[in-house]
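Numbers 1095 to 1218, taken from my numbering, label the letters of the sequence shown in order. No residue lacks a Cβ here, since even glycine has one placed at the ideal position from N, Cα and C.
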Amino acid sequence: MRFSTLAFAPIALLAAAVSAKPTSVFVPPVTAPVANDVWAKGSVQTVKWDISGAPSEVSNPVGSIFLRDVEKERILLDSPLADGFDILNGAQDVTVPTDVPAGPYQVVLIGNSGNWSPVFDVVD
């Protein structure tokens, strides 16, 4: 009995590996905003990312965009700029919050991984 269990274990592992559907992590580089851009509070801006390297199957195609306060080294997770969009769109309009202090920020694009933009400024 023990021999048969040991003999079939590799077959079971192989079957599990073959039947698993492969998915890929997609880490698209943020292309806008660019370094030293200036976003006015309350304005509508377009966040863009490069989808040219997208795999055929993305493990999580649903995206979110957040601001990251550079001075406080903190992502503002309580206030997404956008949420629930298709990461393969390559762009998403966002409204710059009016309740954040002026200063240096980054956008953080999250789907099945995360990527940050260069530093830009939010102004009054």
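| request: With distances taken Cα to Cα, identify the nearest neighbour of Pro1122 among Trp1210, Asp1218, Arg1168. | output: Trp1210
| request: Please classify Val1138: is it buried, with 16 or more other beta-carbons within 10 angstroms of its beta-carbon, or exposed? | output: exposed
| Between the region 1163-1171 and the region 1141-1154, do three or more beta carbon pairs fall short of 8 Å? | no
| When the Cα atoms are used, what is the spatial distance from Ala1106 to Ser1146? | At Ala1106 the pLDDT is 48, less than 50, meaning the model places this residue with poor confidence; the figure from the coordinates comes in the next sentence. Rounded to the nearest angstrom, the two C-alpha atoms are 37 Å apart.
| request: Name the residue from Pro1195, Gly1184, Phe1120, Asp1144 whose alpha carbon lies nearest to the alpha carbon of Leu1161. | output: Pro1195
| said: Please report the straight-line C-alpha distance between Val1124 and Gly1205, rounded to a whole angstrom. | reply: 12 Å
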